[in-house]
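Numbering of the sequence shown is given in the numbering used here, commencing with residue 17 and proceeding in unit increments. These notes concern the structure reproduced below.
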Amino acid sequence: MGMMPGMGAGMTIHANDVSYDAYLANDRTLDDPEVIRVDRGERVRLRVINGATATAFFVDTGSIEATCIAVDGSPCQPLKGRRFPLAQGQRIDLMLSLPGEGGTFPILAQVEADIRQTGIVLATAEATIAKIGDLAREAAPYVTLALDEKLRALVPLPERKVDRTFRLMLGEEAGYRWTINGRVHGEHQPLDVRRGERIAIMFMNPTSMMHPMHLHGHHFQVVGSRAGQFAGPIRDTVIVPPHTPVMIVFDADQPGRWFLHCHHLYHMATGMMTELSIS
Ligand SMILES: [Cu+2]
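Here is the structure:
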């Protein structure tokens, strides 16, 4: 592929353009985390919601292998893991099988590309709870689309041809101006579609940051990236990493005007929002 501004030798990507003095899980830091009492051998379902304004995390279940069973409220084929990316606005449902012996089981969320972390603690009745530092030993990587490339929707969209494809170029301009196809919200041209059409959107991101793109009113399926085509998860918010094209499809079955925006709320506030108009 050709060189684009910001690509090649001088390419820099970054995260956390807004930093915070505390990262919270259920309103608390790891200085005094929420402790949820659990029973030995119990099965626990965690729904983790990234409600942060400008921060993506990795959810880490530590010593317990988790099974991802849903993302953004839509079921997926079960996928095991211990560390899951979670961008702003995304949700993930994890099933945990606790061991037969008692203990404490921290569930941590580490800021991407950073050592800071937050979390909660699952603990059996008699367990003593050791202090957990709010700095991890190593910086987390950047979040990517790797999870979505592995996840498969439990109920994929039915096969049919795409009626209309939009290419949306995410943009970054001087003065913290974040754009879609070179326009900020207010100057935007709505994506006009007809009710019932199958719509594809290809996001392209030559900017220096990841953008979690969120569509109102619909769930879409993640179906393509540099990894090729796949029957990925059904979601309403998808990670669009720098320099990685991401394809989503959905059926425009809800008439009305729906926002489509970056869920980094400072990017949204400074322009990165458009509208899907279904008539
Ligand atoms: Cu953004």
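Cβ coordinates follow ideal geometry from the N, Cα and C atoms, glycine included.
Q.
Do Q270 and G233 have their beta-carbon atoms positioned less than 8 Å apart in this structure?
A. yes
Q.
Using a 10 Å radius around the Cβ and a threshold of 16 neighbouring Cβ atoms, would you call I196 buried or exposed?
A. buried
Q | At least 3 beta-carbon pairs within less than 8 Å: the stretch 104 to 111 vs the stretch 137 to 157 | A | no
Q: Examine the Cβ distances between the stretch 94 to 101 and the stretch 154 to 174 and report whether three or more of them are shorter than 8 Å.
A: yes
Q) Just to check, is the beta-carbon of H283 closer than 7 Å to a non-hydrogen atom of ligand 1? A) yes
(Q) What does DSSP give as the partner residue(s) for H30 in the beta ladder? (A) The partner list for H30 (beta bridge, DSSP) is empty, contrary to what the question assumes.
**Q.** A31 burial status per 10 Å Cβ neighbour count (16 or more: buried)
**A.** buried
(Q) Taking the alpha-carbon of N42 as reference, which of R199, V75, T134 and P91 has the nearest alpha-carbon? (A) T134
Q) Measuring CA to CA, which of M263, S224, G89 and G118 is closest to A243? A) M263
**Q.** Whole-Å CB distance - A156 paired with F74, under 8 Å assumed
**A.** 5 Å
Q. If you run the structure through DSSP and keep just helix, strand and coil, what is A243?
A. coil
Q. Can you tell me the Cα-Cα spacing of Q126 and H277, whole angstroms?
A. 24 Å
**Q.** Among V64, A72, M218 and E58, nearest to P115 - alpha-carbon criterion
**A.** E58
**Q.** Unbroken beta strand (DSSP E) run spanning L6, endpoints
**A.** The structure shown does not extend to residue 6, since the chain is modelled only from 17 through 295, so no value can be given for it.
Q. How is H277 classed by DSSP in three states: helix, strand or coil?
A. strand
Q: Within its chain, find whatever has a CB closer than 6 Å to the CB of I131; leave out the 5 residues flanking it on each side and keep chain order.
A: L151, A152 and A155
**Q.** Nearest neighbour of I28, chosen from M226, P261, R273 and H279 [CA to CA]
**A.** Note that residue 28 is Thr in the sequence shown here, rather than Ile. T28 has its Cα closest to that of M226, out of M226, P261, R273 and H279.
Q. For ligand 1, is there a heavy atom less than 7 Å away from the beta-carbon of M288?
A. yes
Q) For E50, does the count of other Cβ atoms within 10 angstroms reach 16, so buried, or fall short, so exposed? A) exposed
Q.
Between V265 and A216, how many whole angstroms is the CB-CB distance? I'm expecting something under 8 Å.
A. 5 Å
(Q) For ligand 1, is there any heavy atom lying closer than 7 Å to the beta carbon of M225? (A) yes
Q.
My output table needs one value for D164: the three-state DSSP class, helix, strand or coil.
A. helix
Q: Classify H227 as helix, strand or coil using the three-state DSSP reduction.
A: strand
Q) When DSSP labels each residue in this structure, what does M220 get in the three-state scheme? A) strand
Q: Have a look at V238, P228, E291 and M284 and flag the residue whose alpha-carbon is nearest the alpha-carbon of P257.
A: P228
Q) Cβ of H360 versus every heavy atom of ligand 1: is any distance shorter than 7 Å? A) No statement about residue 360 is possible, as the shown extent of the chain runs from 17 to 295 and does not include it.
Q) Which of the three DSSP states, helix, strand or coil, is assigned to A70? A) coil
Q: Might you give, ordered along the chain, the residues of its own chain that have their beta carbon closer than 7 Å to the beta carbon of E377, omitting 5 neighbours on each side?
A: This structure leaves residue 377 out entirely; the chain is present only between 17 and 295.
Q. Using a threshold of 7 Å, is the CB atom of W274 nearer than that to any non-hydrogen atom of ligand 1?
A. no
Q) Hey, is H259 close to ligand 1, as in C-beta under 7 Å from one of its heavy atoms? A) no
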